[in-house]
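Here's the structure we're looking at; comments come further down.
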Amino acid sequence: MNWKLLFNWSALRYMFDWTPAAVKAPRPYYKNVKHGQRVLCGYVVEVQYLYHGVRLILFTVERHTSLANKQQVLLDAVHFYRGVKQAVIVARKKQKQKR
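Positions in the sequence shown are counted from 1; adding 8 to them yields the working numbering.
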């Protein structure tokens, strides 16, 4: 019995490949409450992965203690954005080298 025929190795490889293809800058995420008021809940970073589509990563103001300030949450979102942006640049360079 040949195990290579039983498994689709490329599909299995793609399942664990979370290479980012694009990322959008952090934007504020608001929630509507009574009387039409909007409350800032956090910041959203939209990441598009090569094989898994678009994912929204939410950095919230409310944490376990609810003592997080909005500037720290924004800094966390920007730090994550810069890290993913560097990963996108590296992935594009690898794709160009393969060609």
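For glycine and all other residues, C-beta sits at the position ideal for the given N, C-alpha and C.
Measuring CA to CA, which of the options is closest to residue i?
i, options, result
"Q56", "V96, Q105, K101, K102", "V96"
"V98", "A30, Q45, A19, F67", "A30"
"L82", "A33, A19, D25, M23", "A33"
"W26", "V86, R63, V53", "R63"
"F88", "K42, F24, P28, L20", "P28"
"Y51", "V92, L58, I65, K93", "I65"
"C49", "Q80, Y37, H60, K101", "Y37"
"E54", "R35, K39, K101", "R35"
Taking buried to mean at least 16 other C-beta atoms within 10 Å of its own C-beta, is residue i buried or exposed?
i, result
"Q103", "exposed"
"F24", "exposed"
Starting from residue i, trace the beta strand (DSSP E) both ways and give me its first and last residue.
i, result
"L48", "46-57"
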